[in-house]
Amino acid sequence: MHFINRLVSILKCVLICVILIQCKNSSTALKESQELKTVENSTPIPFTDYYPSGNLKTKGQLLHDKKTGTWISYLENGDEKSIQNYKNDVLDGFQKTLYSQELYMEGDFKQGVKIGTWKSYFKNNHQLKYLKHFDNNGNSTGKWESYYDSGELSLIENHVNNQAHGLQTQYFKNGQISSTGKLVNGKNHGLWNHYYDTGVLQCVKEFKIGVEEGVYKQYYENGTLYKEGTKTNFKKTGVWKTYNRQGTIIETKSYDHP
Numbered sequence: 003m004h005f006i007n008r009l010v011s012i013l014k015c016v017l018i019c020v021i022l023i024q025c026k027n028s029s030t031a032l033k034e035s036q037e038l039k040t041v042e043n044s045t046p047i048p049f050t051d052y053y054p055s056g057n058l059k060t061k062g063q064l065l066h067d068k069k070t071g072t073w074i075s076y077l078e079n080g081d082e083k084s085i086q087n088y089k090n091d092v093l094d095g096f097q098k099t100l101y102s103q104e105l106y107m108e109g110d111f112k113q114g115v116k117i118g119t120w121k122s123y124f125k126n127n128h129q130l131k132y133l134k135h136f137d138n139n140g141n142s143t144g145k146w147e148s149y150y151d152s153g154e155l156s157l158i159e160n161h162v163n164n165q166a167h168g169l170q171t172q173y174f175k176n177g178q179i180s181s182t183g184k185l186v187n188g189k190n191h192g193l194w195n196h197y198y199d200t201g202v203l204q205c206v207k208e209f210k211i212g213v214e215e216g217v218y219k220q221y222y223e224n225g226t227l228y229k230e231g232t233k234t235n236f237k238k239t240g241v242w243k244t245y246n247r248q249g250t251i252i253e254t255k256s257y258d259h260p
């Protein structure tokens with residue numbers, strides 16, 4: 003009887019060990035299966051799209067049905083149209099657009115908004131067209147520059163918190179200043195000077211937050227005063243005087259307040 007009880011105890015121990023081993027193997031197999039499934043789910047799937055002609059239109063990768071990595075678009079003739087980078091279906095990283103196989107625009111995105119320096123080029127000769135700067139939140143910032151297609155500087159203005167703010171200067175192709183003045187939140191403010199392409203002052207206008215109001219003076223090309231007066235809400239007010247080239251008043255006219 004003692005022998006039988008001992009044998010039963012041994013068999014129970016063996017059975018428990020077998021069950022524990024099976025559970026461990028099952029758990030390991032399940033873990034390996036889950037890890038394999040995770041790896042499979044994190045592997046991007048190639049994506050291609052074609053024109054009705056059969057020519058390649060777009061190629062990229064999808065992860066969980068969302069764009070990821072580098073995507074390239076093509077014109078129907080096979081030329082590259084754009085290169086864009088995505089993360090979780092949102093533009094993120096370097097992007098460039100091409101025209102006739104020449105670079106047209108380039109810059110970076112971060113979570114769908116433009117950041118850093120963006121450049122654009124003229125289509126006809128690849129000359130730099132503009133330089134724009136954005137902070138990490140996508141707001142325009144810093145010094146922006148525009149150029150003529152022949153390469154000369156056309157405009158410089160400052161941006162703060164997504165608006166033109168501060169000094170703005172425009173240029174003629176010959177390098178002479180065309181106009182200069184101050185912007186406040188994107189609107190003209192204070193005195194603005196306009197020039198002939200010879201560098202001679204052409205007129206002076208005064209603004210108050212985008213509204214022409216205050217002093218107005220206009221000059222002949224030789225620099226002598228031609229006309230002067232004041233404006234209120236873009237309209238002439240008060241006494242206006244007109245001069246000939248010798249500086250003699252030839253007309254005086256009064257305007258009622260609007």
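3 is the number of the first residue of the sequence shown in my numbering; add one for each residue after it.
Every residue gets a Cβ at the ideal spot worked out from N, C-alpha and C, and that includes glycine.
Query, Result
"Residue 269 - containing beta strand (DSSP E), residue span", "With the chain represented from 3 up to 260, any question about residue 269 goes unanswered, as that position is not in the structure."
"Outcome for residue 125 when other beta-carbon atoms lying within 10 angstroms are tallied against a minimum of 16", "exposed"
"For residue 148 and residue 175, believed in contact at Cβ under 8 Å, the rounded distance", "About 12 Å separates the two Cβ atoms, so there is no contact after all."
"Proximal residues to residue 209 (C-beta, below 6 Å), its chain only, five neighbours per side dropped", "190 and 191"
"Residue span of the beta strand (DSSP E) that contains residue 214, given as start and end", "213 to 221"
"Separation of residue 64 from residue 40, as counted between CA atoms", "Unreliable positioning characterises residue 40 in this predicted model, as indicated by a pLDDT of 40, which lies under 50. The coordinate reading is nonetheless provided below. The alpha-carbon atoms of residue 40 and residue 64 are separated by roughly 16 Å."
"CA-to-CA distance, residue 157 to residue 254, given in whole angstroms", "37 Å"
"With 16 other Cβ atoms within 10 Å as the buried cut-off, status of residue 97", "buried"
"Any beta strand (DSSP E) of 3 or more consecutive residues that is wholly inside the stretch 158 to 194", "165 to 173 and 179 to 186"
"Top-ranked residue by Cα proximity to residue 194, from 112, 46, 123 and 215", "215"
"Length-filtered (3 minimum) beta strand (DSSP E) runs lying within the stretch 58 to 135", "58 to 65, 68 to 76, 82 to 89, 95 to 101, 104 to 112 and 115 to 123"
"Cβ-based burial, residue 226 [other Cβ within 10 Å; buried from 16]", "exposed"
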